[in-house]
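K.L.:
This is the structure I want to talk about, given as structure tokens.
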Amino acid sequence: MIKNGILNPAILSLMARVRHTNLLIIADRGFPYWNMIETVDISLVDGIPTVLQVFEAIKSNFDIERIYMAEEFLKENPREAIDKIKKIAKGTPIEFEPHEDFKKLAPRAIGLIRTGDTTQYANMILLSGRTEGESK
Numbered sequence: 000m001i002k003n004g005i006l007n008p009a010i011l012s013l014m015a016r017v018r019h020t021n022l023l024i025i026a027d028r029g030f031p032y033w034n035m036i037e038t039v040d041i042s043l044v045d046g047i048p049t050v051l052q053v054f055e056a057i058k059s060n061f062d063i064e065r066i067y068m069a070e071e072f073l074k075e076n077p078r079e080a081i082d083k084i085k086k087i088a089k090g091t092p093i094e095f096e097p098h099e100d101f102k103k104l105a106p107r108a109i110g111l112i113r114t115g116d117t118t119q120y121a122n123m124i125l126l127s128g129r130t131e132g133e134s135k
């Protein structure tokens, strides 16, 4: 029995299948549905859980090379929200691009974790990096 870390079996299974250069999406409640992308829906009610809570929970077991977010996030949210994401990312590069371009990356994703987040443009696409010992 798992004693700590991610407990959700669907998220564990999804994360285990993400390899180098694959994409994983953590999305808010309103992110478009893509029938070709495996979706693990963990939304409960508005705001629970948030994209940031899910990101915090998975980042210690996930090698993230880059984070993609919509540049509209910067315009629609207070400075505190922006600072919080950058702090939790701990130096992982965040690339902000127009929301329409951001959504074009979605079909390449291995999977999507849907949250109950209501924060404007809080969606994240995580680019998986190389694991230790992996050949180039």
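Sequential numbering from 0 applies to the sequence shown in numbering that gives the first Met the number 0. Glycine is no exception: its CB is placed at the ideal position from the N, C-alpha and C atoms.
Just checking my contact of Glu96 with Tyr67 at CB under 8 Å: how many whole Å lie between their CB atoms?
P.N.:
Sure, about 7 Å apart at Cβ, within 8 Å.
K.L.:
Which residues in the same chain have their Cβ closer than 7 Å to the Cβ of Met35, if we skip the five residues on either side of it in sequence?
P.N.:
Taken in chain order, the residues that qualify are Pro106.
K.L.:
Let's see if you can read the secondary structure: which residues bound the alpha helix (DSSP H) around Ala56?
P.N.:
Segment Val50 to Lys58, the alpha helix (DSSP H) holding Ala56.
K.L.:
Can you tell me which of Gly29, Phe72, Lys74 and Leu11 puts its alpha carbon nearest to the alpha carbon of Lys58?
P.N.:
The shortest Cα separation from Lys58 among Gly29, Phe72, Lys74 and Leu11 belongs to Leu11.
K.L.:
Beta carbon of Asp27, beta carbon of Thr117: below 9 Å?
P.N.:
Yes, the pair counts as a contact, with Cβ atoms nearer than the cut-off.
K.L.:
My output table needs one value for Ala121: the three-state DSSP class, helix, strand or coil.
P.N.:
Ala121 falls in the coil class under three-state DSSP.
K.L.:
Report the rounded CA-to-CA distance for Val44 versus Phe54, giving the unit in angstroms.
P.N.:
Distance between the alpha carbons of Val44 and Phe54 is about 18 Å.
K.L.:
How would you write the range of the beta strand (DSSP E) that Glu64 sits in, first residue to last?
P.N.:
Residues Ile63 to Ala69.
K.L.:
Roughly how many angstroms lie between the CA atoms of Phe72 and Asn7, to the nearest whole one?
P.N.:
Approximately 28 Å, taken between the alpha carbons.
K.L.:
At what residues does the alpha helix (DSSP H) containing Arg78 begin and finish?
P.N.:
Segment Arg78 to Ala88, the alpha helix (DSSP H) holding Arg78.
K.L.:
Assuming Ile112 and Ile5 make a contact with CB atoms under 8 Å, what is their CB distance in whole Å?
P.N.:
Not really, about 10 Å apart at Cβ, beyond 8 Å.
K.L.:
Excluding sequence positions up to five away, which residues of its chain have a Cβ less than 8 Å from the Cβ of Ser127?
P.N.:
These residues qualify, in order along the chain: Val17, Arg18, His19, Thr20, Asn21, Leu22, Leu23, Phe61, Asp62, Ile63 and Glu64.
K.L.:
May I ask you to list the residues that DSSP assigns as paired with Glu94?
P.N.:
The partner list for Glu94 (beta bridge, DSSP) reads Tyr67.
K.L.:
With distances taken between CB atoms, is the gap from Tyr120 to Ala69 smaller than 9 Å?
P.N.:
Yes, these two residues count as a Cβ contact at 9 Å.
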